[in-house]
């Protein structure tokens, strides 16, 4: 596992709780040594030691669990990891996944995520406004007998 932030710690906890998953963490590359308390897991402090640890521990998968804020670290690791004959998996930061679930569009060749998109202006906005108000009016008219019955019975 590369990285041991909040998401990686949650993943480690789930693997520990669900032993039937047949996964075990053999080593973690994390420069911050204070977070990891499990003595059975080898710490790989130096990037150069990663390939040696993969061979020695017979590691078949590497899970990259780095938040977007550590993009520079990922860029340092990428040339090394692409040369290794192991499965590479990226576990995105769960806090950032909520952003990725938004719609995105191409903007000048870059993906742009729409976080908030207010109602359109012009004719398109007017059409949406009329539809919303008309739909709300129809629903209120259909529910009017239910409301009237509740008022009459006092409930």
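Residue numbers (the working numbering): 975 to 1129. For each residue, glycine too, the CB sits at the ideal point set by N, CA and C. As the structure is a prediction and not an experimental result, all values here were calculated from the model.
query: Environment of residue 1083 [buried if 16+ CB atoms lie within 10 Å]; result: exposed
query: Contained alpha helix (DSSP H) runs [length at least 4] in the region 998 to 1081, N- to C-terminal order; result: 1024 to 1031, 1045 to 1056 and 1068 to 1074
query: Beta-carbon proximity list for residue 989, same chain, < 6 Å, skipping 5 on both sides; result: 997
query: Within 8 Å, strictly: CB atoms of residue 1031 and residue 982; result: no
query: Bridge partners - residue 1119, DSSP secondary structure assignment; result: According to DSSP, which records beta bridges pairwise, residue 1119 is partnered with nothing at all.
query: Cβ contact check for the region 1011 to 1027 and the region 1097 to 1108: 3 or more pairs under 8 Å; result: no
query: Whether residue 1039 touches residue 999 by CB criterion (8 Å); result: no
query: Alpha-carbon spacing of residue 1067 relative to residue 979, whole angstroms; result: 9 Å
query: Where the beta strand (DSSP E) containing residue 1086 begins and where it ends; result: 1084 to 1087
query: Cutoff 6 Å; reference residue 1037; Cβ partners in own chain excluding five residues on either side; result: 975, 1063 and 1065
query: For residue 1021 and residue 1058, believed in contact at Cβ under 8 Å, the rounded distance; result: Actually they are not in contact, since the Cβ atoms of residue 1058 and residue 1021 sit about 12 Å apart, beyond 8 Å.
query: Residue span of the alpha helix (DSSP H) that contains residue 988, given as start and end; result: 980 to 991
query: Cβ pair residue 1095, residue 1088 closer than 8 Å; result: no
query: Residue 1085 versus residue 1079: straight-line alpha-carbon distance, rounded; result: 6 Å
query: Whole-angstrom distance between residue 1112 and residue 1003, CA atom to CA atom; result: 60 Å
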